[in-house]
Structures are given as C-alpha cells and as structure tokens.
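Engineer:
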Amino acid sequence: MIQPFVAIIGGGPAGLMAAEALSQSGVRVDVYDAMPSVGRKFLMAGKGGMNITHSEAYDIFLSRYGKRSGAIKPMLDAFGPDQLRKWLRDLGVETFIGSSGRVFPTDMKAAPLLRAWLHRLRETGVTFHMRHRWQGWSETGELIFLTPQGEKSIRADATVLALGGGSWSKLGSDGVWVDCLVNRNIPVAPLRPSNCGFETAWSDRFREAFAGQAVKSVAISVTAGGTSNPLSGEFTITQYGVEGSLIYAFSSQLREQIDATGQALMLLDLLPETDLQALIKKLSRPRGKNSLANFLRKSAGIKGVKAALLRELADADDYRDMHRLASKIKALPIRLTATRPLDEAISSAGGVMFEALDDCLMLKDMPGVFCSGEMLDWEAPTGGYLLTACFASGFAAGHGVLEWLGKLDSGKR
C-alpha cells in the first residue's frame, strides 16, 4: 500500500498540530514554511511568558470567541484547554495556573516547548522545508513554492493550509495567501486588526508626559448597542492613544463601532473598588487649605497618570461640582477614532469563512484542501484563547485529513 503524502503549509501551532495528528497515524508529512525556521510568531508570543491557555469554566472560555463560538466549539470539544494541558504534560512540559487563571509552562518559556515538539515530530518522520514560500496552485493542481533554489512544484494527496493571519508580517504572518484563495472563488473575510491599539487625540502636553505609562487598577466598559459589563485590569498610554490587555479585551467591539460610526466611546472607571455614592461622600468633605490636586490625592487616591487623565478628559465645569467630578472619575469618556495598522496587531480578525468549509475544515469547493489556525475567520482576546484555538483547529484539520484519506482508500470518493 502506498503511504499517503500530506503537505502542510505553515509551521505555526496549527500546522504543527496537524502534522502531529497525521504523522502518528502513519501518514507521510512534509511541512513547508516561508521563514528560515518554524514557530517564529509562537516564540514571540512567549517572549514575556508563554500564556498557553486559560483555566476558567468551559462555557465562559467558549464565550471568548464571540460570534464564532459556535464554529469553534466542536474543535474545543475535541481538543480544549484540558486536552492541551495533558498534551503538554505528555511532551514533558508541566504547566501551572497563574493568579489571573491563565495557564503557563512552569518555566514560562516557549522555546523549550517548541524544541521538544519538533524533536518528537522529526522522530515520527515529519520533514521540514524552510524558505519555501507558497505561491498557490498550478493549472494541474500542484502546489507551487518559491525557494532559494528557484520554483518548485509538489503534488500531495491532501494539503493543510495553516498560513496565519495578517499581523506581524516580519514573523511570517503577512496575509499574502488571501489572493491565492480569492482567485479560486473561496470566500475570505477581509483581514482586520484584533488585539490592537487604538488612536485618540491626546494633547501634546499629556502625550509628552505620559506616553508609555501604565494605567493600573482601573475598569473599562464600552458603549456599543448598550454599555457592556466592565472589565478590570490595566492598559498603557501610547503616543497615538491606548493599548494593552484591557483594551484588547474590547478590540472587536471597538473596531466594529469605529467601522460603523467613525468613532468608539470607551468609559474608564478610575476607581473601580469605590462606588459612586461613596466617592461623592469623600469628595464632598471640606477641602481646607489643600489644593484640588492634593485633595483628590488624599481623599480618593487620584494621582499620577490617573490625575492627568482626569485633567485631560474632564472639563472645567466638572471640577466646580464634586458630584459631576465623581461621575467623571467613575465613567471618564475616551473617544477612539481608529485602530492601529494591522501589522502592529497581536492577531487579526477575518479570514477563510467557515461557510466555505465542511465539518472537517476541508474547503467544500477544493476537495483535499484543509484550512486551520488564524487564517480562519475568528478572533479572541489574549489570555490563552488564541493559542488554544490554533492548536484545536490544527488537531481538527489533521483528523479531518485522516477521515478524508480513509474515504479515498475505501473508494467512497
């Protein structure tokens, strides 16, 4: 019996997980990547501590995928956070749950994990081809690659595309694959920034004094079809506006509101641990000889960048009325006017639409071609959700290929 051959294009978590599922089932697997080495974005994501998944309740975890939760659910049911942690343990990588519920390898690093994984893949026969940039298909259906030695054609029994999104192009996710699929009439939603920074018009004085500073112990809510439930955390002031984990949690809502109306309104609670009435009571006390800045610092703890944000965004009338000022402290409006460019984003929204795929992630109009990872049309905030879904979709695509090859062998196709 001839051993089936599967080409996997893209050496990120999704492509490598598809390779593992296939190689362990006796399939010949070759992985092709445009970069000099695989997993470059994966390694960068782990630079500050590899947040691999999250420990929260499964229904809450699933809700993080928003409108695409229904499409992501079957993948996570098969290979979700618990299965991912077990897989890591089998690889020799222990994990722990941080105070925020996020899950990390015990050494907090991505590189040892990737090294162990690649060693296991090579032991099962996976072959890696670096600096192979995919160019699409020939007229006869062969895969075309541009390599240092020139153009190369490959014919595979099945192909898994794991080409990434459109962010961090220097690490390989440049989105140039979109035209290859659109030219084949595959529906692809435009790639847009997700988990990204947003722009607002800071004054020169505020920007020069506070760009780069973190705003901690605050909460944010977003007004889009009604005010969202607030989330607590921190974010960073930038030259152009705001960014950081608390901003990323709302990036989808903020981006869609900007697309629809040209701006988005974010409400910042500078003192989430103090309710409005208690704050009004504190600010209604006699100020004595204190300046207003000292009074706010002593009575409410408003100082530093928080005091500067209040000065930047409240008006003179707010400072004349402590009830109004308290309301601004609890709901300080920040108007955002644009997302930062896609290439600056941590991840991207958009991609191959699930309606173009069958339940095994195979393109309905291109039998034998499967899609996985960030190139699919979904998004999620940071916190382990992005990586978990990439692993899960690679697992699903790999097993989808096995099912399809089985049908071919049995003569059902």
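Each residue of the sequence shown is one higher than the one before, starting from 10 at the first, in this note's numbering.
Note that beta-carbon positions come from the ideal geometry of N, C-alpha and C, so glycine has one too.
This one's a predicted model, so the numbers in the text were calculated from it and none came from an experiment.
#1: Are the beta-carbon atoms of arginine 111 and glycine 392 separated by less than 7 Å?
#2: When DSSP labels each residue in this structure, what does lysine 225 get in the three-state scheme?
#3: Where do the N-terminal and C-terminal ends of the alpha helix (DSSP H) with tryptophan 387 fall, by residue?
#4: Measuring CA to CA, which of Asp42, Arg333, Asn238 and Ala365 is closest to cysteine 182?
#5: Counting only the same chain and skipping the five closest in sequence on each side, list residues whose C-beta sits under 6 Å from that of alanine 309.
#6: Spatial neighbours of isoleucine 246 within its chain, please: C-beta separation below 6 Å, excluding the five flanking residues on both sides.
#7: Tell me the rounded alpha-carbon separation between lysine 118 and leucine 100.
#8: For arginine 422 and proline 114, what's the separation of their Cα atoms in angstroms?
#9: Which residue wins for smallest C-alpha separation from serine 176, given the options Val169, Ile106, Trp186 and Val378?
#10: Is serine 162 closer than 7 Å to glutamate 148 when the C-beta atoms are compared?
#11: May I ask which residues mark the beginning and end of the beta strand (DSSP E) holding methionine 275?
#12: Quick one: any contact between the segment 196-205 and the segment 397-408, if contact means 3 or more CB pairs under 8 Å?
#13: Among Ser356, Leu288, Glu383 and Thr346, whose alpha-carbon lies nearest the alpha-carbon of lysine 339?
#14: Buried or exposed: which applies to asparagine 60, given that a residue is buried once 16 or more other Cβ atoms fall within 10 Å of its Cβ?
#15: Any chance you could list the alpha helix (DSSP H) runs of at least 4 consecutive residues sitting entirely within the segment 233-270, in chain order?
#16: Could I get the ranges of all uninterrupted beta strand (DSSP E) runs contained in the segment 286-371, with 3 residues as the minimum, in chain order?
#17: Quick one: measure Cβ to Cβ for arginine 216 and alanine 358, integer angstroms, because I've assumed they're closer than 8 Å.
#18: Based on the DSSP output, what are the partners of tryptophan 146 in its beta bridges?
#19: Give the secondary structure of leucine 411 by DSSP, where H, G and I count as helix, E and B as strand, and everything else as coil.
#20: Going by other Cβ atoms of all chains shown within 10 Å of its Cβ, with 16 needed for buried, is serine 356 buried or exposed?
#21: Near isoleucine 345, what residues of its chain come up, given a Cβ to Cβ distance below 7 Å and the 5 sequence neighbours on each side ignored?
#22: Expressed to the nearest angstrom, what Euclidean distance is found between the alpha-carbon atoms of leucine 319 and leucine 279?
#23: For a test of the three-state rule: what should DSSP assign to isoleucine 81, helix, strand or coil?
#24: Suppose only complete runs of 3+ residues qualify. What are the beta strand (DSSP E) ranges in the segment 38-90, listed by chain order?
#25: What span of residues does the alpha helix (DSSP H) with alanine 22 cover, start to end?
#26: With a threshold of 16 other CB atoms inside 10 Å of the CB of arginine 49, please say whether the residue is buried or exposed.
#27: Any idea what DSSP makes of valine 5, helix, strand or coil?
#28: Residues in the same chain with beta-carbon distance under 8 Å from proline 22, minus the five sequence neighbours each way, listed in chain order, please.
#29: Three Cβ pairs or more, each shorter than 8 Å: is that satisfied between the segment 76-90 and the segment 370-390?
#30: Cysteine 380 by DSSP, collapsed to three states: which one?
#31: If isoleucine 17 and valine 169 are in contact, beta carbons under 8 Å, what's the gap, nearest whole angstrom?
#32: Thinking C-alpha only, which one of Thr283, Pro281, Tyr328 and Glu321 is nearest serine 300?
#33: Can you tell which of Arg164, Ala165 and Arg142 has the C-alpha that lies nearest to the C-alpha of phenylalanine 154?
#34: Tell me which same chain residues have a C-beta within less than 6 Å of the C-beta of phenylalanine 137, skipping the five on either side of it?
#35: With a Cβ-Cβ cutoff of 7 Å, do arginine 37 and phenylalanine 70 count as a contact?
#36: Less than 8 Å between the CB atoms is what I'm expecting for alanine 28 and valine 135, so what's the real figure, rounded?
Structural biologist: By the coordinates alone:
#1: Judged by beta-carbon spacing, glycine 392 lies within the 7 Å limit of arginine 111, meaning their Cβ atoms are closer than that value.
#2: The DSSP-derived three-state label of lysine 225 is strand.
#3: Bounds of any alpha helix (DSSP H) do not take in tryptophan 387, whose DSSP letter is neither H nor E.
#4: According to the sequence displayed, residue 182 carries serine and not cysteine. For the residues Asp42, Arg333, Asn238 and Ala365, the minimum Cα distance to serine 182 belongs to Asp42.
#5: Lys291
#6: Only Phe219, Ala220 and Gln222 meet the Cβ criterion.
#7: 14 Å
#8: In this prediction, arginine 422 has a pLDDT of 43, which is less than 50 and means its spatial position is unreliable; what the coordinates show is noted afterwards. Between arginine 422 and proline 114, the C-alpha separation is close to 43 Å.
#9: Trp186
#10: no
#11: 273-278
#12: no
#13: Leu288
#14: buried
#15: 254-257 and 260-270
#16: 341-345 and 356-361
#17: So it is not a contact: roughly 28 Å between Cβ atoms.
#18: According to DSSP, tryptophan 146 bridges with Leu152.
#19: Leucine 411 falls in the helix class under three-state DSSP.
#20: buried
#21: Per the sequence presented here, residue 345 reads as leucine, with isoleucine not at that position. Phe207, Glu208, Thr209, Gly250, Leu263, Ile267, Gln272, Ala273 and Met275, listed in sequence order.
#22: 9 Å
#23: Reduced to three states, the DSSP call for isoleucine 81 is helix.
#24: Listed in chain order, nothing qualifies, since the segment 38-90 has no complete beta strand (DSSP E) run of 3 or more residues.
#25: For the record, residue 22 in the displayed sequence is proline; it is not alanine. Taken as a continuous stretch (DSSP letters only), the alpha helix (DSSP H) holding proline 22 covers 22-32.
#26: buried
#27: Since the first residue shown for the chain is 10 and the last is 422, residue 5 is missing from the structure and cannot be characterised.
#28: Gly48, Phe51, Gly382, Leu396, Cys399, Phe400 and Gly403.
#29: yes
#30: strand
#31: Right, their Cβ atoms sit about 5 Å apart.
#32: Tyr328
#33: Arg142
#34: Val40
#35: no
#36: 5 Å
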